[in-house]
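Under the working numbering, the first residue of the sequence shown is numbered 447, with each subsequent residue one higher. C-beta atoms are modelled at their ideal positions from N, C-alpha and C, and glycine is treated no differently. Bear in mind the structure is a predicted one, so any value in this text is a computation, not a measurement. Have a look at the structure below before the remarks.
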Amino acid sequence: MKQAIYGLVLYVFLMLPPVASLAESIMTVHMHMQMPLFVIAGMLMAPYLKQRFPGFFSKWNHNGVPGILLFFIIMVYWMLPRAMDEALAYQSVEIFKFISLPFLAGVPLRDSWNKLGSIGQNVILVSFSIISALMAWLYIFSPTQLCNNYLKVEQITLGWAFLFLGLSIIIYFVQQFFVDKSQYE
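Structure (structure tokens):
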């Protein structure tokens, strides 16, 4: 219950107009800080929601695949330049961001992760590293400005952040082969 309260407090804090405006004013902060924090808020609220609606989660996401697929679709959507632009231009899209990231990405991720097993988790990690590399290439090497609300230099910075994220995921993935997990359980 305490975890769900922390998630709710984080969720409300991120939606406060001054906090949202500040986070959305810098492209890299918008993509790599605000959006993941919304997902984390949803992940923190997930155990409470699973306890409150156990039948829904057991029917809908019994093996973890539907939840992780929903998570993947929502995350890929919010990585698109147009989605970021529309979140700043249209209040309805921003509200969708405030709902979709915690409840359609964070909650399903928390519910699905352990159900997938190590092979499914590794597939997700490799997929996200590939997508991060593609997004890095798109944002860094695009000859035009992709987002109307951000400068080209911010776009390039976001591309380098995506590259760093992809490399970090690969490093994490590789180190799993060298660590005996049984020592930490």
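Beta-carbon proximity check, residue i vs residue j, cutoff 8 angstroms
i, j, result
"LEU555", "VAL485", "yes"
"ALA582", "PHE623", "no"
"LEU592", "PRO527", "yes"
"LEU462", "MET491", "no"
Integer-rounded CB distance, given that residue j should sit under 8 angstroms from residue i
i, j, result
"GLY552", "ALA469", "Contact flag wrong, Cβ pair sits at about 16 angstroms."
"MET473", "THR603", "7 angstroms"
"TRP524", "LEU550", "About 10 angstroms separates the two Cβ atoms, so there is no contact after all."
"VAL572", "PHE619", "7 angstroms"
"SER578", "ILE514", "Their Cβ separation, rounded to whole angstroms, is 17 angstroms, which puts SER578 and ILE514 out of contact at 8 angstroms."
Secondary structure of residue i, DSSP reduced to three states
i, result
"ILE616", "helix"
"ASP626", "coil"
"LEU456", "helix"
Of the residues the options, the one placed nearest residue i, counting alpha carbons only
i, options, result
"MET447", "GLN497, LEU613, ILE615", "GLN497"
"GLN449", "SER471, ALA533, LEU462, PRO493", "PRO493"
"LEU534", "LEU611, SER471, LYS561", "SER471"
"PHE610", "ILE545, GLY566, SER575", "SER575"
"ILE451", "MET489, VAL475, ASN507", "MET489"
Do the region 460-480 and the region 529-540 touch if we need at least three Cβ pairs shorter than 8 angstroms? yes
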